[in-house]
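Data block below; observations after.
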Amino acid sequence: MTGLPAIKVEKLVKRFGKTTVLNGIDLVVERGEVTCLLGPSGSGKSTLLRCVALLEEANEGFIEINGMPLGFASGPNGERVRLPAAETQKVRAHIGMVFQQFNLWPHMTALGNVAEALVTVRGMPRKDAEERAMAQLSKVGLSDRAGHYPSELSGGQQQRVAIARALALDPDIMLFDEPTSSLDPELTGEVLNVMRDLAESGMTMLVVTHEIGFAASVGSKIVFLDQGKLIVEGKPEEVFGKPRHERIDQFLDTYLDRGAATLL
Numbered sequence: 028m029t030g031l032p033a034i035k036v037e038k039l040v041k042r043f044g045k046t047t048v049l050n051g052i053d054l055v056v057e058r059g060e061v062t063c064l065l066g067p068s069g070s071g072k073s074t075l076l077r078c079v080a081l082l083e084e085a086n087e088g089f090i091e092i093n094g095m096p097l098g099f100a101s102g103p104n105g106e107r108v109r110l111p112a113a114e115t116q117k118v119r120a121h122i123g124m125v126f127q128q129f130n131l132w133p134h135m136t137a138l139g140n141v142a143e144a145l146v147t148v149r150g151m152p153r154k155d156a157e158e159r160a161m162a163q164l165s166k167v168g169l170s171d172r173a174g175h176y177p178s179e180l181s182g183g184q185q186q187r188v189a190i191a192r193a194l195a196l197d198p199d200i201m202l203f204d205e206p207t208s209s210l211d212p213e214l215t216g217e218v219l220n221v222m223r224d225l226a227e228s229g230m231t232m233l234v235v236t237h238e239i240g241f242a243a244s245v246g247s248k249i250v251f252l253d254q255g256k257l258i259v260e261g262k263p264e265e266v267f268g269k270p271r272h273e274r275i276d277q278f279l280d281t282y283l284d285r286g287a288a289t290l291l
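Start counting at 1 in the sequence shown, then tack on 27, and there's your number in this note's numbering.
Dropping the structure here:
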């Protein structure tokens, strides 16, 4: 695994009916890198993330996780060959994902929400699962809310529980799909702070976000998608610095109220 990228996407195409949502995407995310996916609504960002998590199957192209093919491998003539489900699941186990919506079990406490996957997916004894769950809740600053139900938690706290739940399965890659989009601005900071801590710990992260300030300050690399194509890719200072790509300028003008004003 040493020296291999954490994520490699090659010539990825995804269609929904006659609509091409991703059109030949090539992307490499190195280990320990925070790659931020930016772009207007409908540009294909979330679809790309869902393909990397294999929640959506691409129509063409290949994805590798830590050098291992995900879902499909290249055959002798370059054709896509579906891999056995057990093999695919082993590769997917390296990935954790956090969604826009928190998707917590309403009848379980924060501790129960984090521990449940360890019991049901990993077969861990509940006592051990709850110990690991508590450790993850502490990492996201919620050890004092372990016994609270989702209805008793703020949106930011619920999203931090969702992050703890993903981390409990010990992934080495974390995918974030606009994790603050359903939060009030006041609560956004607490989630971004957890993500900053994760980045500083060396976690490989692929983040779909409209939080320009976070992308500029935490991102190792910025990837800008538009109409299903990768338009711009580079370090934050290259992408956001002047002179910059005309399409980036248009995008930043749209999101001045989301922190981009500091870049202009």
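Idealized CB from N, CA, C, for every residue including glycine.
query: Uninterrupted alpha helix (DSSP H) stretches inside the region 161 to 238 (no shorter than 4 residues); result: 182 to 195 and 212 to 227
query: Straight-line Cα distance separating Ile90 from Asn140; result: 30 Å
query: Cβ shell of Gly183 (< 7 Å), same chain only, five flanking positions each side left out; result: Leu210, Leu214, Glu217 and Val218
query: Nearest-angstrom Cα separation, counted from Ser178 out to Glu115; result: It should be pointed out that residue 115 corresponds to Thr in this sequence rather than to Glu. If I take the Cα positions, the gap works out to 35 Å.
query: Where the alpha helix (DSSP H) through Thr147 begins and ends; result: Ala137 to Thr147
query: Neighbourhood of Lys117 by C-beta distance below 6 Å, restricted to the same chain and skipping five residues each side; result: none
query: 7 Å CB neighbourhood of Arg77 in its chain, flanking five on each side removed; result: Glu83
query: Collapsed DSSP secondary structure at Pro263 in the structure displayed; result: helix
query: Cα-Cα separation between Ser244 and Asn104, rounded to whole angstroms; result: 43 Å
query: Alpha-carbon spacing of Leu145 relative to Ala191, whole angstroms; result: 12 Å
query: Distance CB(Val259)-CB(Leu64) smaller than 7 Å; result: no
query: When Gly229, Asn220 and Ala85 are compared against Gly44, the one with the closest alpha-carbon; result: Ala85
query: Cβ distance (whole Å) where Pro206 is taken to contact Val125 below 8 Å; result: 5 Å
query: Counterpart residues of Thr281 in DSSP-defined beta bridges; result: Thr281 pairs with nothing; no bridge assigned.
query: Asp204, buried or exposed, once every other Cβ within 10 Å from all chains shown has been counted against 16; result: buried
query: DSSP-derived helix/strand/coil call for Glu83; result: coil
query: Under the three-state DSSP convention, the category Gly76 falls into; result: Position check: residue 76 holds Leu in this sequence, whereas Gly was assumed. Helix, per DSSP.
query: Cβ distance (whole Å) where Leu131 is taken to contact Val188 below 8 Å; result: 6 Å
query: Nearest-angstrom Cβ-Cβ length linking Ala173 and Leu138, presumed shorter than 8 Å; result: 4 Å
query: Per-residue burial, Leu31 [other beta carbons within 10 Å of its own, 16 or more giving buried]; result: exposed
query: Identified DSSP bridge partners for Pro133; result: Paired residue(s): none; Pro133 is not in a bridge.
query: For Val61, the residue or residues it bridges with in DSSP; result: Met232
query: Buried versus exposed call for Arg153 [16 or more other C-beta atoms within 10 Å across all chains shown]; result: exposed
query: Cβ-Cβ distance between Gln186 and Phe99 below 7 Å; result: no
query: Burial state of His121, where buried means 16 or more other Cβ atoms lie within 10 Å; result: buried
query: Beta-carbon separation (whole angstroms), Ala33 vs Gly123, contact threshold 8 Å; result: Wrong, their Cβ atoms sit about 12 Å apart, outside the cutoff.
query: Heavy atom of the ligand ADP within 6 Å of Ala85 beta-carbon; result: Judged by which ligands are present, the structure shown has none, so any question about the ligand ADP falls away.
query: Segment limits, alpha helix (DSSP H) that includes Arg117; result: Before going further, note that residue 117 is Lys rather than Arg in the sequence given. Start and end: Ala112 to Arg119.
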